[in-house]
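A.B. asks: Below are the structure tokens for one structure; questions will follow.
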Amino acid sequence: QVQLVESGGGLVQPGGSLRLSCAASGSIFSFNAMGWYRQAPGKQRELVAAVTSGGSTNYADSVKGRFTISRDNAKNTVYLQMNSLKPEDTAVYYCAQHSGVGYDYWGQGTQVTVSS
300 QVQLVESGGG
310 LVQPGGSLRL
320 SCAASGSIFS
330 FNAMGWYRQA
340 PGKQRELVAA
350 VTSGGSTNYA
360 DSVKGRFTIS
370 RDNAKNTVYL
380 QMNSLKPEDT
390 AVYYCAQHSG
400 VGYDYWGQGT
410 QVTVSS
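The sequence shown begins at 300 in the numbering used here and counts up by one.
Here's what the structure looks like:
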């Protein structure tokens, strides 16, 4: 059974930084693409960043140049480094694992609030 546990969310001022972590278990982590999604109140969940098993990355236009996704296969962990945070980055952030068909496994989410 795949389990994903996020950590690292919190309250930060505009312009600040946070690093989210997602620890995975129950699968061969290195085989699977991983993604970070977010959902703000009243909005649809959106893909923020993703990393393939080979390390290729892609980002939503809104976070390019500010966010960096990375993975440590030895630790079964994926990270999201978020810099230059803006109030519009406020959301619940979810880690997701690709099953080969789609992002079928999800963490419980971690709240990120950007406010002065």
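Ideal Cβ placement from N, Cα and C applies to all residues, glycine included.
The model shown is predicted, which means the values in this text are computed figures rather than measured ones.
1) For M333 and S415, I'd like the C-alpha separation in whole angstroms.
2) Give me, in chain order, the residues of the same chain whose beta-carbon lies closer than 6 angstroms to that of L310; leave out the 5 immediate sequence neighbours on both sides.
3) Could you tell me the alpha carbon to alpha carbon distance between Q338 and F366, rounded to whole angstroms?
4) Just how far apart, CA to CA, sit V377 and P340?
5) I'd like to know whether the C-beta atoms of N382 and S316 end up nearer to each other than 7 angstroms.
6) Which value, in whole angstroms, describes the spacing of the CA atoms of Y404 and R344?
7) Can T409 and G314 be called in contact, C-beta distance under 7 angstroms?
8) Where does E421 land, buried or exposed, given buried means 16+ other C-beta within 10 angstroms?
9) Roughly how many angstroms separate the alpha carbons of V301 and E387, rounded to a whole number?
10) Relative to the C-alpha of V391, which candidate in A323, V347, S324 and F328 has its C-alpha closest?
11) Quick one: residues in its chain with C-beta nearer than 8 angstroms to the C-beta of R318, no 5 flanking neighbours on either side, listed in chain order?
12) Would you kindly report the start and end of the unbroken beta strand (DSSP E) that includes F330?
C.D. replies: On the basis of the supplied data:
1) Going by the C-alpha atoms only, they are around 31 angstroms apart.
2) T412, listed in sequence order.
3) If I take the Cα positions, the gap works out to 16 angstroms.
4) Here the alpha carbons of P340 and V377 stand approximately 25 angstroms from one another.
5) In this structure, N382 places its C-beta atom within 7 angstroms of the C-beta atom of S316.
6) CA-to-CA, the gap between Y404 and R344 works out to about 15 angstroms.
7) No, the pair does not count as a contact, with Cβ atoms beyond the cut-off.
8) Nothing in the structure corresponds to residue 421, since the chain is present only between 300 and 415.
9) In a straight line, the C-alpha of V301 is about 31 angstroms away from that of E387.
10) Across the set A323, V347, S324 and F328, the C-alpha of V347 shows the shortest separation from the C-alpha of V391.
11) G307, Y378, L379, Q380 and M381.
12) Segment: none, F330 is in no beta strand (DSSP E) and carries neither H nor E.
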